[in-house]
Amino acid sequence: MLPTSLPAPRLIDPNSVPSLRWGIIGPGGIAATFADSVHKHTAQRIVAVASQTPGKAEAFATPRGIPYALTSYQELVSHPEVDVVYVATTHEFHKEHALLAIAAGKHVLVEKPLATNPIDAQEILDAARSAGVLAMEAMWTRYIPQSDVMRQLLSDGVLGEIRCVVSDFGQDLRHVPRLMDPVSGGGLLDLGIYNFAFSSFVLGEASEVATVGSLTSTGVDETTTTFLSYASGAQAVATVTMAAFTPTAASISGTEGRLNIHEPFFTPSGLTLFASEFSPTPVASWRDETGVPAHEGLSYQATALASFIDQGLTDSPLRPLHEAVRDIGLILQARHQVGAYLTGEK
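Numbering (numbering that gives the first Met the number 0), first residue to last: 0 to 345.
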């Protein structure tokens with residue numbers, strides 16, 4: 000019997016965790032959204048920002064009241080008033096800048112994907128473990144309220160045996176130069192990481208990956224559909240495109256019921272539960288009413304990281320680094336299966 004109501008999310012009170020001092024490497028668009036949402040919704044504070052582009056750190060820091068605007072990444076990670084470093088540079092620099100922070104003994108939150116390949120991602124994991132610091136991929140969807148509702152439903156077996164996970168993510172990003180660049184571009188690394196993380200959230204480690212798709216004129220993956228197989232017999236389907244806007248929807252289907260994640264599935268939204276038999280009438284639903292909309296949900300991961308540090312953890316229990324490494328390995332396979340190779344890859 001399916002429940003007629005869904006559980007409430009178990010949220011961390013932002014004021015119940017230490018107020019850490021954050022430094023940002025790479026003050027671009029995602030860093031601005033992160034900083035603004037952190038200041039609005041958490042007890043965490045951004046105290047330093049560094050950019051190698053003259054004037055960029057100051058332009059970022061001044062309107063946000065950030066006291067230190069630096070031109071040296073080394074100066075930022077070594078700064079005595081910085082507890083945690085947020086790496087928000089482009090994909091190809093994630094490893095370099097994460098290792099810089101770790102070597103300085105700082106905890107680090109690394110924008111997704113953790114790295115562009117599993118070897119580099121594993122190097123970050125190994126360095127963090129050796130240094131005894133917390134390194135965390137900024138897979139912020141793991142920390143938003145609906146993810147905890149899903150976590151409870153999956154733990155309780157409400158959906159029965161999971162058989163199929165479906166997700167799509169499409170935006171028209173053909174005008175963004177960095178995504179067309181073979182150095183670190185392509186839809187799978189920028190968008191598809193959400194799909195792969197969603198599938199692993201529900202089903203764990205995939206045993207096989209098969210991808211079909213098309214490339215841009217620059218040779219990066221533009222549109223792909225990936226089929227993931229699991230030892231349980233379950234399957235996941237992930238469709239990603241940089242050439243069109245799609246519903247950006249996701250669903251989890253089991254032998255007892257189906258859970259639809261409201262669009263877009265990677266931001267705070269809602270959930271609808273249906274019975275396993277065909278019926279347009281939902282059994283139960285839940286909508287996020289926290290007042291933290293869209294990408295302001297980036298704030299949840301900052302509170303979670305502070306909570307993990309307060310508990311003495313050196314890995315996120317909700318997105319362990321080994322899982323991030325594994326997902327990057329699957330994405331690499333998917334890219335190569337459609338002929339998308341980054342500069343220097345074979």
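From the three backbone atoms N, C-alpha and C, an ideal C-beta is built for every residue, glycine too. Since the model is a prediction, treat every value here as computed from it, not as a measurement.
Length of the line joining the Cα atoms of residue i and residue j
i, j, result
"residue 261", "residue 249", "7 Å"
"residue 334", "residue 15", "42 Å"
"residue 305", "residue 106", "10 Å"
"residue 133", "residue 259", "33 Å"
"residue 388", "residue 2", "Summary: the structure shown does not reach residue 388, with the chain confined to residues 0 through 345, and so no result is reported for it."
"residue 114", "residue 89", "10 Å"
"residue 269", "residue 74", "42 Å"
"residue 251", "residue 201", "8 Å"
"residue 265", "residue 72", "30 Å"
"residue 271", "residue 48", "41 Å"
"residue 336", "residue 63", "44 Å"
"residue 119", "residue 28", "24 Å"
"residue 38", "residue 277", "45 Å"
"residue 17", "residue 43", "8 Å"
"residue 232", "residue 65", "51 Å"
"residue 307", "residue 331", "29 Å"
"residue 9", "residue 145", "10 Å"
"residue 101", "residue 22", "13 Å"
"residue 347", "residue 83", "Nothing can be reported for residue 347, as the shown portion of the chain is limited to 0 through 345."
"residue 245", "residue 287", "22 Å"
"residue 345", "residue 0", "52 Å"
"residue 67", "residue 204", "42 Å"
"residue 52", "residue 156", "51 Å"
"residue 274", "residue 280", "9 Å"
"residue 312", "residue 322", "16 Å"
"residue 70", "residue 131", "27 Å"
"residue 141", "residue 310", "18 Å"
Bridge partners - residue i, DSSP secondary structure assignment
i, result
"residue 21", "45, 83"
"residue 224", "211, 238"
"residue 271", "259, 284"
"residue 107", "84, 134"
"residue 249", "166, 260"
"residue 67", "47"
Limits of the alpha helix (DSSP H) - the one that residue i falls within
i, result
"residue 308", "298-309"
"residue 322", "320-336"
"residue 36", "28-40"
"residue 202", "192-202"
"residue 146", "144-154"
"residue 72", "72-77"
"residue 179", "176-179"
"residue 57", "55-60"
"residue 317", "Element bounds for residue 317: n/a, residue is neither H nor E."
"residue 93", "93-102"
Beta-carbon gap between residue i and residue j smaller than 8 Å
i, j, result
"residue 80", "residue 20", "yes"
"residue 86", "residue 11", "no"
"residue 129", "residue 237", "no"
"residue 158", "residue 256", "yes"
"residue 136", "residue 111", "yes"
"residue 41", "residue 301", "yes"
"residue 341", "residue 241", "no"
"residue 206", "residue 229", "yes"
"residue 77", "residue 103", "yes"
"residue 324", "residue 121", "yes"
"residue 172", "residue 239", "no"
"residue 36", "residue 298", "yes"
"residue 139", "residue 296", "yes"
Cβ distance (whole Å) where residue i is taken to contact residue j below 8 Å
i, j, result
"residue 126", "residue 108", "Their Cβ separation, rounded to whole angstroms, is 15 Å, which puts residue 126 and residue 108 out of contact at 8 Å."
"residue 184", "residue 219", "4 Å"
"residue 210", "residue 222", "Their Cβ separation, rounded to whole angstroms, is 11 Å, which puts residue 210 and residue 222 out of contact at 8 Å."
"residue 314", "residue 196", "In fact, because the Cβ distance is near 16 Å, the residues do not count as touching under 8 Å."
"residue 5", "residue 148", "6 Å"
"residue 317", "residue 303", "7 Å"
"residue 267", "residue 143", "5 Å"
"residue 198", "residue 235", "4 Å"
"residue 227", "residue 208", "6 Å"
"residue 150", "residue 253", "Actually they do not touch by this definition, with Cβ atoms about 15 Å apart."
"residue 45", "residue 34", "5 Å"
"residue 338", "residue 117", "The pair is not a contact, with the Cβ atoms about 19 Å apart (cut-off 8 Å)."
"residue 215", "residue 180", "About 10 Å; that fails the 8 Å criterion."
Boundaries of the beta strand (DSSP E) in which residue i is found, first to last residue
i, result
"residue 169", "161-169"
"residue 257", "256-260"
"residue 136", "134-136"
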